[in-house]
Amino acid sequence: MVKGKRDGLLIAGGGLSGCLAALAMAKARPEVPILLVEEGESFGGSHLWSFFDADVEDEDRWIIDPLVGHKWEGYYVAFPEHSRKLKAGYNSIRSVDLDKLVRETLRPDQYRLGTKIAAVRENELLLLGGEKIRADGAIDARGSANLSMLDLGWQKFVGREYRFAEPHKVDRPVIMDATVDQSEGYRFVYCLPFSETRMLVEDTYYSDTPELDAGAIGQRIDAYVAKRRWKAAEVEREESGVLPVAMGGDFGAFWRVGGARVAKFGLRGGFFHPTTGYTLPDAVRTASMLVKQRDFNGADLHNTFERESAGLWKKRDFYRTLNTMLFRAASPPERYKVLERFYRLDPALIARFYAGQSTMLDRMRILSGKPPVPVGKAVSALKQRAK
-2 MVKGKRDGLL IAGGGLSGCL AALAMAKARP EVPILLVEEG ESFGGSHLWS
48 FFDADVEDED RWIIDPLVGH KWEGYYVAFP EHSRKLKAGY NSIRSVDLDK
98 LVRETLRPDQ YRLGTKIAAV RENELLLLGG EKIRADGAID ARGSANLSML
148 DLGWQKFVGR EYRFAEPHKV DRPVIMDATV DQSEGYRFVY CLPFSETRML
198 VEDTYYSDTP ELDAGAIGQR IDAYVAKRRW KAAEVEREES GVLPVAMGGD
248 FGAFWRVGGA RVAKFGLRGG FFHPTTGYTL PDAVRTASML VKQRDFNGAD
298 LHNTFERESA GLWKKRDFYR TLNTMLFRAA SPPERYKVLE RFYRLDPALI
348 ARFYAGQSTM LDRMRILSGK PPVPVGKAVS ALKQRAK
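Following my numbering from start to finish, the sequence shown increments by one per residue and tops out at 384.
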């Protein structure tokens, strides 16, 4: 796809959403010319993504299964007054494996690394330096744009992958260990055991601001490892992130500021779970939608995915209401009780919640009983929005 050529599809951004879109197109629509452009020197950055089996439709597993490096059949959660073992398929993907698969699947003429993008238009990429690449249509998957139009809280984390000198004796993921200090707000430690001596230990907390003090959180991870008496030989890898937790805002303005009349994937397009901030399930879904398009005209792509994103925003209003309760109705030291009560519910309900597929009965069950925060106003708000 050289300068001046006007057929095919351009994908800006080689993160998770852009790469899954390119991989799906290469496999299901090989007749369509594609070009994946990433400014970094590898695809996917330095990340690890995880998901439950229920997060992805069975018909779409072909998109994500080749990337799964580890899989477990259950997980643990722990709170000050409640611990539980749940059965559910849980999977993890490494960015190094994403990078490897993209390079193996796409031909050299189908991707460009180390290429900075100045602007994305509906059928064109403008590169830093002035070069233009044109096609039938373009998708912008370069990560989040301006988020100021949205009312957000934040989920912040630092993770360290350890190689321990002795077996850690953790047999499956610990999705939430909230027995740690809760004075600053809801906080938990997340552990993924990759082998008897290797494990990711991640300190995560919900906050009103996006600033991340990686050094301070790293000290908390060291303290947690010491408390568990795990003898660390070395830290093999470290990652950090700040994910949006949506409570409200002007979604139309958010979409437009990310690039008017341009199709957008991932965080840039609002394709994320409002409570967890995770993009993987939506990235698989949008990749599946993309390969089913009859043509790849930029205006049509924009209309299709703007409509999809706006529909998801409306459909997920319930999760934003819960987020508002968590951030605004509960005091920081009490926020963990919201999640502690949630994890006493039916495992199938919990799975549907993470998949963004909560039923009306699920919503009623989550809001019922005697929760630690008032829900009357939240219930009224849900009824009003349903009208």
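Using N, Cα and C, we set each Cβ at its ideal position, and we do this for glycine too.
Cβ neighbours of E70 within its own chain (closer than 7 Å, five residues either side excluded): K84, G86.
With distances taken between CA atoms, L149 lies nearest to R317 out of L336, R317, Y187. Shown here, K153 sits in a strand according to DSSP, grouped into three states. Of the candidates M286, G134, L364, the residue whose Cα lies closest to the Cα of V259 is G134. Looking at the backbone, the Cα of R341 and that of E54 are separated by about 25 Å.
Within the same chain, Cβ atoms closer than 8 Å to the Cβ of F293 are found at G5, L6, V29, A132, D133, G134, the five residues on either side in sequence being excluded. When secondary structure is reduced to three states using DSSP, V281 falls in the helix class.
Shown here, H67 sits in a strand according to DSSP, grouped into three states. The C-alpha of G215 lies about 8 Å from the C-alpha of D200. Per DSSP, H79 is one residue of the beta strand (DSSP E) stretching across 79 to 91. According to the DSSP assignment, A132 belongs to no alpha helix (DSSP H), since it is labelled neither H nor E. Per DSSP, V222 is one residue of the alpha helix (DSSP H) stretching across 211 to 224. Nearest to G126 by C-alpha distance, out of E305, A115, E119, G11, is A115.
DSSP, reduced to helix, strand and coil, places F302 within a helical segment of the structure shown. Of all alpha-carbon atoms in D314, A327, P330, T321, the one lying nearest the alpha-carbon of G353 is that of D314. Distance between S39 and T283, taken at the CA atoms: about 22 Å. Taking the Cα positions, A211 is about 16 Å away from Y187. Proximity of the region 267 to 281 to the region 298 to 315 meets the contact definition, three or more beta-carbon pairs being nearer than 8 Å. Just measuring C-alpha positions, the residue of K68, V281, D106 sitting nearest I31 is D106. Membership of R362 in the alpha helix (DSSP H) is indicated by the continuous run 357 to 364. Under DSSP, the beta-bridge partners assigned to I31 are L6.
In the DSSP assignment, V186 falls within the beta strand (DSSP E) that extends over 184 to 190. By the Cβ criterion, the region 97 to 112 is not in contact with the region 224 to 234, since fewer than three pairs of Cβ atoms, one from each stretch, lie closer than 8 Å. When C-beta atoms of the region 153 to 165 are compared with those of the region 175 to 186, fewer than three pairs fall below 8 Å, so the two segments do not count as touching.
If you look at Y316, you'll find it in the alpha helix (DSSP H) that goes 314 to 321. In this structure, A21 and I60 form a Cβ contact; the two beta carbons are roughly 5 Å apart against a cut-off of 8 Å. Sixteen is the threshold: when 16 or more other Cβ atoms of the shown chains lie within 10 Å of the Cβ of P241, as they do, the residue is buried. DSSP places E121 in the uninterrupted beta strand (DSSP E) bounded by 121 to 124. Contact between L17 and A280 is confirmed by a C-beta separation of about 5 Å, below the 8 Å threshold.
The three-state reading of DSSP puts Y275 in coil, since its state is none of H, G, I, E or B.
The alpha-carbon separation between F248 and L147 amounts to approximately 7 Å.
By the CB criterion at 9 Å, M244 and F339 fall outside the cutoff. The criterion of a C-beta distance shorter than 9 Å is not satisfied by L336 and A75. The continuous beta strand (DSSP E) containing F48 extends over residues 45 to 49.
Collapsing the DSSP output to three states places T102 in a helix. Annotation for S14: no beta strand (DSSP E) segment contains it, though the alpha helix (DSSP H) segment containing it runs 13 to 25.
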